[in-house]
Amino acid sequence: MAHDARDHDDSHPGEEHPKPSLAERTFFLPVAKGLGNTLRHLLKREPNTIHYPEERRAPYPGYRGEHRLKRDELGREKCVACFLCSTACPAHCIEIVAEEAPWSDREKRPRIFNIDMLRCIYCGMCEEACPCDAIELTPVFNIPSRTREEKIYDKERLLSN
Amino acid sequence: MMEFFQNAYFIAAIKAILIFAAVLQIVPALVYFERRIAAWIQDRIGPNRVGPVGVLQPLADVIKLAFKEDITPHGADRWIYTLAPMLVYAPAILAFTVIPVGMGLEVARFDVGIIFLLTISGFGVYGLAFGGWASNNKYSLIGGLRASAQMISYEVALGLAVVAVLMRAESVDLQRIIVGQWGAGTEGILQWNLFQQPLAAMIFLVASFAETNRLPFDLPECEAELVGGYHTEYSSLKFATFFLGEYVAMLTMSALMVTLFLGGWHLPWIEFNTTDPSTWGVMLSVLIFSGKLSLLLFFFIWVRWTLPRFRYDQLMHLGWKVLIPLSLANLGLTALAGVLEWSWLIPLPW
Chain E
228 MAHDARDHDD SHPGEEHPKP SLAERTFFLP VAKGLGNTLR HLLKREPNTI
278 HYPEERRAPY PGYRGEHRLK RDELGREKCV ACFLCSTACP AHCIEIVAEE
328 APWSDREKRP RIFNIDMLRC IYCGMCEEAC PCDAIELTPV FNIPSRTREE
378 KIYDKERLLS N
Chain Y
247 MMEFFQNAYF IAAIKAILIF AAVLQIVPAL VYFERRIAAW IQDRIGPNRV
297 GPVGVLQPLA DVIKLAFKED ITPHGADRWI YTLAPMLVYA PAILAFTVIP
347 VGMGLEVARF DVGIIFLLTI SGFGVYGLAF GGWASNNKYS LIGGLRASAQ
397 MISYEVALGL AVVAVLMRAE SVDLQRIIVG QWGAGTEGIL QWNLFQQPLA
447 AMIFLVASFA ETNRLPFDLP ECEAELVGGY HTEYSSLKFA TFFLGEYVAM
497 LTMSALMVTL FLGGWHLPWI EFNTTDPSTW GVMLSVLIFS GKLSLLLFFF
547 IWVRWTLPRF RYDQLMHLGW KVLIPLSLAN LGLTALAGVL EWSWLIPLPW
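Printed below as a string of structure tokens:
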């Protein structure tokens with residue numbers, strides 16, 4: 228028989244839907260249970276939310292917020308302008324212009340290092356790609372500004388983060 | 247001068263102003279409590295910034311609404327579009343005129359009080375249907391259609407439940423219905439129609455949720471599928487009027503429920519001198535009425551944040567196949583008990 232028995236046989240053991248009992252169908256008991264549940268929450272009053280600007284929750288470890296460019300122990304930026312971060316960036320928000328480094332231990336350093344924070348998707352790929360551990364994401368998340376121009380962070384801004 | 251103050255028209259005007267003003271003042275308080283209770287039930291904090299513990303939040307909301315742009319959509323039927331919010335608000339507040347808020351205290355006492363109330367509050371459906379129709383928006387139209395179908399369906403069950411109560415009271419005068427529920431002492435509470443007519447009380451409660459478009463029956467405004475239902479296109483004070491009308495309707499329905507089923511303005515432990523009422527007696531009766539009303543309003547809010555919305559076919563099924571047969575059966579039983587004097591089933595007033 229090519230016909231699937233389940234199409235017609237309501238009593239197939241795998242397909243059974245338990246018929247709701249009379250108490251369930253009249254709604255009164257389930258509704259009373261639900262009302263009891265909400266009343267418990269109403270009287271308990273333990274909010275899961277906080278008074279935001281006054282109280283702040285600490286970000287979890289590994290939170291990806293604003294970027295920061297790191298300095299080495301001599302106070303120079305660690306970045307060697309290798310372009311790996313801007314290559315890895317899926318949002319194409321990192322703009323680097325390199326110049327010759329005045330120091331003997333590296334060839335290049337960034338003259339311009341701009342991140343467009345409005346394009347950035349805070350994925351952390353730049354941090355992953357960086358061979359010198361020069362860029363990282365900080366847990367800073369409340370970053371409002373009044374103009375779009377302010378949201379393009381230059382090298383100084385990123386170093387000061 | 248004294249004659250002027252004792253003029254019946256003057257007294258009626260004072261009563262009307264006081265009671266209507268009180269009703270309008272309850273609405274913002276109700277909105278505030280609704281938001282706070284909703285927040286507590288959902289383990290949130292709720293509005294607490296404007297004024298002490300946020301009590302001025304409704305005021306801020308009203309100011310915000312008043313300064314919003316008043317939009318009339320393209321292709322809207324401007325005349326009906328403007329009329330609709332008023333048609334929701336006016337019947338709701340008019341219906342409140344006959345509600346006895348205290349011993350011998352109402353805006354207007356008609357012999358046919360309850361019939362007037364049901365007739366007038368039934369007009370509210372025109373506002374919703376007109377609002378949906380005039381907005382030139384398919385969601386509004388569906389919302390308006392749902393509102394009219396729902397309100398007409400549940401009005402039948404509501405009316406039939408009320409008739410059973412009227413049979414017991416042998417009157418359509420709301421004050422007489424209240425006095426008929428009087429009983430002295432703790433066992434006097436059993437004289438309330440809630441215990442005399444429990445089935446009618448249940449049906450009335452469920453139907454009044456549907457009549458006032460409150461959850462779990464708020465299908466006319468069903469935001470998940472209809473954006474906002476009949477008031478999708480409304481903004482500014484027109485929206486505020488819809489909102490106000492809805493809350494006043496809820497208030498009127500709760501007040502009617504207190505009157506019909508919860509003994510109105512009296513409690514069985516307090517004796518009232520109805521033939522020669524003192525000022526304190528009337529004040530006490532208003533206080534008792536307000537207390538009962540607040541409990542019922544809390545129940546409305548509580549249910550709203552507990553139950554999910556019904557599906558439309560479930561709503562119609564409940565209305566036509568469950569509530570109307572049940573209320574008819576209850577009506578028949580009450581009539582039979584009255585005729586055969588089955589006082590063991592329903593204690594009769596005579």
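Quick mapping for you: the protein sequence lines, in order, are chains E and Y.
Quick note: the first sequence uses my numbering, first residue 228, plus one each step.
Quick note: the second sequence uses my numbering, first residue 247, plus one each step.
Cβ coordinates follow ideal geometry from the N, Cα and C atoms, glycine included.
Values in this document were obtained by computation on a predicted structure and should not be read as measured data.
- DSSP places residue 370(Y) within a helical segment (H, G or I) once states are collapsed to three.
- In this structure, DSSP gives residue 301(E) a state outside helix and strand, which the three-state scheme calls coil.
- Contact residues of the stretch 331-353 of chain E toward chain Y are absent (C-beta to C-beta distance below 7 angstroms).
- Under the DSSP definition of a beta bridge, residue 291(Y) lacks any partner.
- The straight-line gap separating the alpha-carbon atoms of residue 267(Y) and residue 377(Y) is approximately 26 angstroms.
- Counting only residues of its own chain and dropping the five nearest sequence neighbours on each side, residue 438(Y) has a CB closer than 7 angstroms to the CB of 427, 507, 508, 509.
- When rounded, the separation of the alpha-carbon atoms in residue 245(E) and residue 260(E) is 20 angstroms.
- One Cα belongs to residue 501(Y), the other to residue 531(Y), and the distance between them is close to 14 angstroms.
- In the structure shown, the three-state DSSP call for residue 275(Y) is helix.
- Note on residue 339(E): under 16 other CB atoms within 10 angstroms of its CB, so exposed under the neighbour-count rule.
- Contacts between residue 472(Y) and chain E, judged by CB atoms closer than 8 angstroms, are missing: the closest CB pair is about 24 angstroms apart.
- Residue 252(Y) and residue 279(Y) have their C-alpha atoms spaced approximately 39 angstroms apart.
- From the beta-carbon of residue 289(Y), the residues of chain E found nearer than 7 angstroms are 268, 273, 274, 275.
- Contact annotation for residue 552(Y) against chain E: 258, 261, 262, 264, 265 [CB-CB distance below 8 angstroms, chain order].
- Between residue 244(E) and chain Y, the shortest Cβ-Cβ separation is not below 8 angstroms.
- By the beta-carbon neighbour count (other beta carbons within 10 angstroms, threshold 16), residue 488(Y) is buried.
- The criterion of a C-beta distance shorter than 8 angstroms is not satisfied by residue 306(E) and residue 346(E).
- Residue 412(Y) and residue 360(Y) do touch by the CB rule: their CB atoms are close to 7 angstroms apart, below 8 angstroms.
- Secondary structure at residue 273(E): coil, using DSSP grouped into helix, strand and coil.
- Residue 261(Y) holds the alpha-carbon nearest to the alpha-carbon of residue 350(Y) among 541(Y), 491(Y), 261(Y), 556(Y).
- Neighbours of residue 515(Y) in chain E, taken as residues at a C-beta separation under 9 angstroms, are lacking, since the least C-beta distance is about 26 angstroms.
- Burial check for residue 250(Y): the Cβ neighbour count within 10 Å stays below 16, so the residue is exposed.
- Excluding five sequence positions before and after residue 269(E), none of the CB atoms of its chain fall closer than 6 angstroms to its own CB.
- Contact residues of the stretch 271-300 of chain Y toward chain E are 283, 286, 287, 289, 290, 291 (C-beta to C-beta distance below 7 angstroms).
- When rounded, the separation of the alpha-carbon atoms in residue 305(Y) and residue 434(Y) is 42 angstroms.
- Note on geometry: alpha-carbon atoms of residue 462(Y) and residue 387(E) lie some 55 angstroms from one another.
- Of all residues in the stretch 558-574 of chain Y, none is placed with a Cβ closer than 7 angstroms to any Cβ belonging to chain E.
- Separation of residue 456(Y) and residue 548(Y) (C-alpha to C-alpha, rounded to the nearest whole angstrom) is 15 angstroms.
- For residue 294(Y), the CB contacts under 7 angstroms within the same chain, skipping 5 residues up- and downstream, are 300 in chain order.
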